[in-house]
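Peer 1: So for the sequence shown, our numbering puts the first residue at 38; every next one is plus one.
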Amino acid sequence: MKTTLDLPDSLMRQVKIRAATEGLKLKDLVADFLQQGLARTQPADLPEGELPYHRDPGSGLLVSRTLGSPGSKKVSLAESLAATEQANEEETLSRAGIFR
38 MKTTLDLPDS LMRQVKIRAA TEGLKLKDLV ADFLQQGLAR TQPADLPEGE LPYHRDPGSG
98 LLVSRTLGSP GSKKVSLAES LAATEQANEE ETLSRAGIFR
């Protein structure tokens, strides 16, 4: 399949040099890189009941885990709403001086 990608010039220079160094066609090297990357980033399931968010220690805000990273999964609307409700409840308790 033919496709067009807009990649940084410096990245393309590195890929072209690598392809030439290894005696490969550019398309074969890029396909190999993509396959390797996809194989490494298979999403893992979260434990039952755990939301796909974590609290950023610096800001205290809920941050969505990146899809494809270990311990992540696709987020349903219900899960997103549950995380928002949980954050709102924690903020309300925090403002009242009650910490969990």
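Just so it is clear, CB atoms sit at the ideal spot from N, CA and C, and this is done for glycine as well.
Quick one: Cα of residue 113 to Cα of residue 100, how far?
Peer 2: Their backbone Cα atoms lie some 15 Å apart in a straight line.
Peer 1: Taking residue 101 as part of the beta strand (DSSP E), name the residues at either end of that continuous run.
Peer 2: Where residue 101 is concerned, the enclosing beta strand (DSSP E) stretches over 99 to 101.
Peer 1: Would residue 56 pass as a contact of residue 48 if the rule is Cβ separation under 9 Å?
Peer 2: Contact: no.
Peer 1: When you compare the CB positions of residue 42 and residue 53, do they come within less than 9 Å of one another, or not?
Peer 2: No, the pair does not count as a contact, with Cβ atoms beyond the cut-off.
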